[in-house]
Amino acid sequence: MLEKLPFANPRVLVRNARVLDVERGELSGPTTVLCQNGMIRDVDCADPGGAATLDLQGLTLTPGLIDCHVHILSPYMTEQKGVPGLWTFKQMDRNCIATVAAGVTCVCDMLSPIKILNRQKNKVLSGGVPGPEIIASGGIFSCEGGYPEAVHPVPAIAGALVGQPKYEPKTPREAARIAEYLYSQGARIIKVGYTRLSRMLVDGRTLPAIADDVLHGLCNAAHRLGVKVRVHHNWSEDMHHLLEFDIDCLEHGVYDRDLLDDEIQKVRDSGVTICPTLTINDSQARFEEKIGFLKSDRALEFFEPQALEKLKFVCETWTDFSAVDYSGSFGYTRANRYCYAAEERNTANLLAAGVPMVAGTDIGAVVAWPGELADELLRLESVGMSKIDAIRAATNRAAEFVDRPDLGLVKPGRTASFTVIEGNPLEDLRAFKKVRYTCVRGSWFKAKHPELPDFWPGHDVLFSLD
Ligand SMILES: [Zn+2]
Numbered sequence: 055m056l057e058k059l060p061f062a063n064p065r066v067l068v069r070n071a072r073v074l075d076v077e078r079g080e081l082s083g084p085t086t087v088l089c090q091n092g093m094i095r096d097v098d099c100a101d102p103g104g105a106a107t108l109d110l111q112g113l114t115l116t117p118g119l120i121d122c123h124v125h126i127l128s129p130y131m132t133e134q135k136g137v138p139g140l141w142t143f144k145q146m147d148r149n150c151i152a153t154v155a156a157g158v159t160c161v162c163d164m165l166s167p168i169k170i171l172n173r174q175k176n177k178v179l180s181g182g183v184p185g186p187e188i189i190a191s192g193g194i195f196s197c198e199g200g201y202p203e204a205v206h207p208v209p210a211i212a213g214a215l216v217g218q219p220k221y222e223p224k225t226p227r228e229a230a231r232i233a234e235y236l237y238s239q240g241a242r243i244i245k246v247g248y249t250r251l252s253r254m255l256v257d258g259r260t261l262p263a264i265a266d267d268v269l270h271g272l273c274n275a276a277h278r279l280g281v282k283v284r285v286h287h288n289w290s291e292d293m294h295h296l297l298e299f300d301i302d303c304l305e306h307g308v309y310d311r312d313l314l315d316d317e318i319q320k321v322r323d324s325g326v327t328i329c330p331t332l333t334i335n336d337s338q339a340r341f342e343e344k345i346g347f348l349k350s351d352r353a354l355e356f357f358e359p360q361a362l363e364k365l366k367f368v369c370e371t372w373t374d375f376s377a378v379d380y381s382g383s384f385g386y387t388r389a390n391r392y393c394y395a396a397e398e399r400n401t402a403n404l405l406a407a408g409v410p411m412v413a414g415t416d417i418g419a420v421v422a423w424p425g426e427l428a429d430e431l432l433r434l435e436s437v438g439m440s441k442i443d444a445i446r447a448a449t450n451r452a453a454e455f456v457d458r459p460d461l462g463l464v465k466p467g468r469t470a471s472f473t474v475i476e477g478n479p480l481e482d483l484r485a486f487k488k489v490r491y492t493c494v495r496g497s498w499f500k501a502k503h504p505e506l507p508d509f510w511p512g513h514d515v516l517f518s519l520d
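Sequence positions in the sequence shown follow our numbering and run 55 to 520.
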């Protein structure tokens, strides 16, 4: 999928790059970018001599894309019972490689046992596998029986070895202690699962949620540490309740009904950011349409054989709502199918009201896969975002949101992470599907395929508001 460019010289002069200035929304004529030791030294400069060179021949160079919501380590193990197969570790490598091949240079991983994640981060940093920079949340905060209800804490001994996938603090003090532990392990996001409505939606079941005092304590602890609190939500009632807390971001969207104008204003006035992850909703609603990709040769590059087998099984049976077994994991698809349009309308209305949004795919959550960030940008455009704002949602605005001011712009002094594509994304965001090179902190990779795979044959955006 990728070929590493063998620059032994720490100085690399990129020539004939058309640089996208995402602040001004302008594409330059062919120019130069000088990088050294993983940093941008100069832009539009003369050849300093002595540098290795890379001639981009007029390709477009943008700041490296940031995907603000992924599960980069997801081994597609929802259908696995007991101890995950060893192939799941190989799948993590594939996820990292496919992410870079899609031009994504930084991701927020929104739920992984922290020690497994750190192992993978170190593998990427030491050059053991191509991969993006990973900003971690570690395990998700919830309560016993709370969302995600299929995920449970592992026994303490296993937790000490690999980290916990889920934390269920009972007091504000316990929540703060766990947040401090995760921070000490490198986590820079606090992720909370908060959905009192069952994933089945239509069955009327409710789920318990983290107690109010515990959530307040967690928010305080996170902000003392300087990290954001990002909350999974889906239900309008939860949204109202969550806005009473000092949270930073709502993940996904409200899907049980259309939000009213005063509710939209309430969200805007609260100052929260939204990471709508339209890709995962779309994927859940119409997963069976992605089976063409799973049967293609390209899928063999994306997935370990065991992962592919499970995905095909899920895909083929996804819409069989009569199967009892599916009530626990995939039966909620029907709810998503029913609710996706409402969620899209809510996203459009929140956007129109000026609520800040960042781009995230939720790839790794079984039905969405590395490479789909370009489609997420198209989906953001479909709900009313301008092309340049969709690009900003994955570059400079995303960089600010993830507290990485060194990313997101092609300027001297910033980290040398770039996405090199064919075409002008200011005219057509599909240019992001034609990734030619990706540079992560000064390491250059050449994509072996001229285009990303067609995850959605015949569709760029499945639903349209008009
Ligand atoms: Zn997620």
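The beta-carbon is built from N, C-alpha and C at its ideal position, and this holds for glycine as well. These numbers come from a predicted model, not from an experiment.
Over what stretch of residues does the alpha helix (DSSP H) that includes residue i continue unbroken?
i    : result
N335 : 332-339
H277 : 266-279
I318 : 315-324
N176 : 168-179
I442 : 441-446
D351 : 351-356
K366 : 359-371
D457 : Looking at the DSSP string, D457 is not in any alpha helix (DSSP H), and its letter there is neither H nor E.
V216 : 210-216
G247 : Taken as a continuous stretch (DSSP letters only), G247 belongs to no alpha helix (DSSP H), being part of the beta strand (DSSP E) at 243-247.
Given a threshold of 16 other Cβ atoms within 10 Å of its Cβ, counted over all protein chains shown, does residue i qualify as buried or as exposed?
i    : result
L432 : buried
G467 : exposed
T260 : exposed
D482 : exposed
C493 : buried
H123 : buried
G157 : buried
G385 : Any answer about G385 is weak, because its pLDDT of 47 lies below 50 and its placement is not dependable; what the coordinates show is given next. G385 should be labelled buried.
C449 : Correcting the residue type first, residue 449 is Thr in the shown sequence and not Cys. It is buried - the Cβ of T449 has at least 16 other Cβ atoms within 10 Å.
E298 : exposed
S180 : exposed
Q111 : exposed
A377 : Caution applies to A377, whose pLDDT of 49 falls short of 50 and renders its modelled position unreliable; the value that the coordinates give is listed next. Answer is exposed; the Cβ neighbour count stays below 16.
H206 : exposed
D429 : buried
E57  : exposed
G382 : Bear in mind that a pLDDT of 41 at G382, under 50, signals an unreliable position, so the number given afterwards is only what the model happens to contain. Under this definition G382 is an exposed residue.
P186 : buried
I want to check one thing, is the minimum distance from the CB of residue i to the heavy atoms of ligand 1 below 7 Å?
i    : result
A419 : yes
H123 : yes
M439 : no
M164 : yes
D521 : One cannot answer for residue 521 here, as it falls past the ends of the chain, which runs 55 to 520.
Assuming residue i is part of the beta strand (DSSP E), what are its boundary residues?
i    : result
M93  : 93-97
C89  : 80-90
R231 : R231 -> not in any beta strand (DSSP E); alpha helix (DSSP H) instead, spanning 226-238.
N478 : No beta strand (DSSP E) contains N478, which DSSP labels as neither H nor E.
F499 : 497-501
C197 : Segment: none, C197 is in no beta strand (DSSP E) and carries neither H nor E.
K465 : Element bounds for K465: n/a, residue is neither H nor E.
Return the residue from the list the options that minimises the CA-CA distance to residue i.
i    : options                : result
Y309 : D302, G325, I244, H287 : H287
A501 : D109, F299, V474       : V474
A155 : R95, I244, K487, A105  : K487
L171 : V68, G462, G217, V412  : G217
P410 : V321, D98, P64, V66    : V321
R242 : L332, S166, D267, G213 : S166
D300 : Q319, N274, D323       : N274
I334 : L67, G496, A263, H306  : H306
L304 : G192, K220, I244       : I244
G247 : E234, L279, W289       : W289
G418 : L362, A407, A395, V456 : L362
T415 : R284, A406, L427       : L427
L296 : C99, I264, V281        : I264
A106 : K144, N91, G325, T116  : N91
A210 : P202, A204, K220, E203 : K220
G192 : Y237, T153, P223       : Y237
T153 : D267, R446, L127       : L127
H277 : A233, V66, Y394        : A233
D443 : L67, G79, K465, A71    : G79
So with Cβ pairs under 8 Å, would you call residue i a contact of chain D?
i    : result
C273 : Here chain D cannot be found, since the structure has a single protein chain.
If you measure from the CB of residue i, is any heavy atom of ligand 2 nearer than 7 Å?
i    : result
V246 : Looking for ligand 2 in the displayed structure turns up nothing; the ligands present are ligand 1.
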